[in-house]
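The next block holds one structure in the form of structure tokens; read it before the comments.
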Amino acid sequence: MWRGVERRFSISAPQMQVRPHHPWYFRWSMMLPFVLAAIGLAWWAYDSGLEFAGFHRGNAEHELSRLRDQVAKLSEKNGQLTNQVAQFERQIQIEQASNQEAVKQLKNLTDENDQLQEDLVFFQDLTAAGSKAGELGVHRLRLDKDIMPGEYNLRMLLVRGGQRAKQFNGSYQLVATIVENGQSGTHVFPQDVSGNDQFQLNFRYYQRVEQHIQLPPEAQLENVQVRIYEKGVAEPKVRQSVSPT
């Protein structure tokens, strides 16, 4: 026991070191410069590696800025081209409409010219036939079915013979013979021959007549009789019938 006490308090006893105590934030403040230096060294090494591999940050930013400017210019040019295309499309539509109108007018003129040529040949033949002066005739009588059920279009040419024919004043009447629900009947257009301006006649040598009539959709049209009345005369001057084509 004595030896143990002697060993602890004698000269050969182990020495005890006393270290000063530092707060934790003091120790961290001492380590912070080394940490920042390590981060900076790592960033420098990363940037140096990129430059060594051929990637330069300044050049990349410049190239990115150039590409953005190019995209903006292309977008603006694309907008201009879109507007030009829209203008061209409108111009083409206008030209197509004008062409269609011109074609329609040309067709109408061609049809009118053909009609005039047919009329000329017809009147030449009529003159050569030597009809009686003042004689009234119905020519080119035609009855066509329209698109809608029960609707028909009637066309005819009224001609008076003679070179010194007097003015003809009168009217015409259309009598349609139909079959409806198994029974035959008639429809008269108009009911009063003197009460409708559309059916009045006033000409010296000829007059072209076109008339639209409407019947019940379910009725079957047999024929239409044309009656020409001279003004002041109760009986028709001419009667002529036509069937639908």
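Residue numbers (the numbering used here): 5 to 249. The beta-carbon is built from N, C-alpha and C at its ideal position, and this holds for glycine as well. Nothing here was measured: the structure is a model prediction, and the numbers come from that model.
Assuming the contact rule is C-beta atoms closer than 8 Å, residue i and residue j should be a hit. Round their C-beta distance to whole Å, please.
i, j, result
"M152", "V230", "The pair is not a contact, with the Cβ atoms about 22 Å apart (cut-off 8 Å)."
"L140", "R164", "5 Å"
"F172", "R208", "7 Å"
Considering only the beta carbon of each residue, do residue i and residue j sit closer than 9 Å?
i, j, result
"L158", "Q215", "yes"
"G174", "Y210", "no"
"T249", "L147", "yes"
"L225", "A180", "yes"
"V142", "V228", "no"
"G154", "A223", "yes"
Bridge partners for residue i per DSSP, in chain order?
i, result
"Y209", "Y209 is not bridged to any residue."
"R159", "R146, E214"
"S175", "Q204, Y233"
"E184", "Q187"
"R243", "R231"
"F92", "Paired residue(s): none; F92 is not in a bridge."
"Q224", "V183"
"V192", "V179"
"L4", "No statement about residue 4 is possible, as the shown extent of the chain runs from 5 to 249 and does not include it."
"L140", "R164"
Cα separation between residue i and residue j?
i, j, result
"P221", "E184", "10 Å"
"V9", "V39", "Below a pLDDT of 50, predicted positions are generally treated as unreliable, and V9, at 49, falls in that range; no measurement from the model is reported."
"L162", "Q244", "12 Å"
"Q202", "V192", "14 Å"
"R283", "A101", "This structure gives no information on residue 283, because the portion of the chain shown stretches from 5 to 249."
"Q91", "D73", "27 Å"
"R212", "I96", "40 Å"
"Q88", "N82", "10 Å"
"L78", "Q104", "38 Å"
"D196", "A238", "12 Å"
"N112", "A76", "54 Å"
"N206", "P240", "16 Å"
"D150", "L85", "49 Å"
"R70", "E80", "15 Å"
"K108", "L68", "59 Å"
"E65", "E99", "51 Å"
"L124", "E116", "12 Å"
"Q204", "Y176", "7 Å"
"K235", "P194", "16 Å"
"T114", "K170", "32 Å"
"W47", "A41", "10 Å"
"V246", "Y156", "12 Å"
"L36", "L45", "14 Å"
Would you call the stretch 112-129 and the stretch 180-197 touching, i.e. three or more CB-CB distances under 8 Å?
no
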